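Read through the structure below, which is laid out as structure tokens, and then see the notes.
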Amino acid sequence: MHLNKKIFLISPFLLAMSSFSMACIKDPEVIRNQVKDAIIKNGLEKTKVMSMYENCKLRANKDDFEKRNDIELKKVKDSQDPEDSHMKDAKYWYRGMDKYEYISLDDKKNNNYERVVCVTEEKSYCGITPQFTYAKIYPKPSPDKPKDRIKPKITIRFNTEGPGWLYNDFTVKHGCESKLESGEPSYGLGDKGTSKNCDKEYKGRGIGNVFNEWLSKGEIQAEVYYVLLPKDPKK
């Protein structure tokens with residue numbers, strides 16, 4: 000009986016240790032523990048951010064790791080395709096999300112990466128861009144935006160069937176005009192977005208609804224591509 004009681008008391012500690020040991024073993028232990036701790040502190044422990052890091056599909060930027068206040072995670076490169084493309088040539092499109100929008104996307108019961116939620120939000124632009132380096136700076140700070148709406152930042156990559164696939168449908172076939180944001184091209188999937196500049200069919204359907212239909216059918220796939228995590232989100 001005494002032995003069983005000791006095992007019972009130790010087991011929670013062992014479980015806690017094992018959960019940290021599951022993090023990507025390709026990173027040094029001191030980094031693994033800090034990354035996983037930051038994921039938990041930022042409320043993303045039940046999302047694919049955690050599972051992708053544990054499976055080494057997201058890797059930490061180790062440069063000056065201890066000196067920085069934020070942790071960068073990026074998807075392991077799986078092709079030689081460029082991260083930044085012109086709209087006409089783009090196979091990949093990106094959207095930077097705050098944690099609330101991302102958690103809604105990740106919600107396994109109600110979404111599971113099959114619907115971009117800002118499509119149906121009132122007065123939403125809901126932009127996507129073929130430029131990763133531009134998307135990853137979003138969401139941007141603004142005077143009326145709470146700190147937890149700025150960081151963490153989660154950049155989602157949308158994989159289409161091939162180079163120029165989305166542009167050929169939206170712009171070539173349906174006349175949708177892109178918008179330049181700070182000199183970078185984008186489509187707006189929301190009700191304040193690109194639909195008003197499309198042909199009659201897409202203006203009526205809304206290009207965000209068209210995009211979400213493709214997502215739900217697997218014609219476009221959404222995945223976590225980049226994450227910026229504050230080590231201490233309360234500071």
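Each residue of the sequence shown is one higher than the one before, starting from 0 at the first, in numbering that gives the first Met the number 0.
Beta carbons: idealized from backbone N, C-alpha and C, even for Gly.
Keep in mind it's a predicted model, so treat the numbers as computed, not measured.
Query                                                                                                                                                                                     : Result
How close, in whole Å, do the beta carbons of H85 and P129 come, if the pair is a contact with beta carbons under 8 Å?                                                                    : 7 Å
Of all the options K47, D69, H173, which has the alpha carbon lying nearest to the alpha carbon of E200?                                                                                  : H173
I need the straight-line Cα distance from K74 to I39, nearest angstrom please.                                                                                                            : 19 Å
For a quick check, are the C-beta atoms of I136 and F157 less than 8 Å apart?                                                                                                             : no
If we ignore side chains and look at the alpha-carbon of each, how far apart do S20 and E53 end up?                                                                                       : Its pLDDT being 49, under 50, S20 is placed unreliably by the model, and the measurement read from it follows with that caveat. Answer to the nearest angstrom: the Cα atoms are 9 Å apart.
In terms of alpha-carbon separation, which member of K234, V226, K233, D231 lies closest to M49?                                                                                          : V226
Kindly give me the distance between the Cβ atoms of K122 and K178, rounded to whole angstroms, as I take these residues to be in contact under 8 Å.                                       : Actually they do not touch by this definition, with Cβ atoms about 15 Å apart.
With a threshold of 16 other CB atoms inside 10 Å of the CB of E71, please say whether the residue is buried or exposed.                                                                  : buried
If you scan the stretch 68 to 105 from start to end, which runs of the alpha helix (DSSP H) of 4 or more residues do you find wholly inside it?                                           : 98 to 105
What residue from S141, G42, S185 has the CA that sits closest to Y101's CA?                                                                                                              : G42
Throw me the rounded Cβ distance for the I155 and L104 pair, which I believe falls under 8 Å.                                                                                             : 7 Å
Output the distance between the C-alpha atoms of T46 and R58, rounded to the nearest integer angstrom.                                                                                    : 16 Å
By Cβ distance, which residues of its chain are closer than 7 Å to Y124, with the 5 residues on each side in sequence left out?                                                           : G187, G189, K191, G192
Distance check for K90 and S194, CA to CA, integer angstroms please.                                                                                                                      : 21 Å
Leaving out the 5 sequence neighbours to the left and right, which residues in its chain are closer than 6 Å to P229 when beta-carbon positions are compared?                             : D69, K150
Identify, in the order they occur along the chain, each residue of the same chain with its Cβ nearer than 6 Å to the Cβ of D231, setting aside the five sequence neighbours on each side. : none
Provide the residue span of the beta strand (DSSP E) that contains R31, from first to last.                                                                                               : Per DSSP, R31 belongs to no beta strand (DSSP E); it is in the alpha helix (DSSP H), 28 to 40.
Can you list, in chain order, the residues of its chain whose CB lies under 7 Å from that of N208, leaving out five sequence neighbours each side?                                        : V118
Please classify R94: is it buried, with 16 or more other beta-carbons within 10 angstroms of its beta-carbon, or exposed?                                                                 : buried
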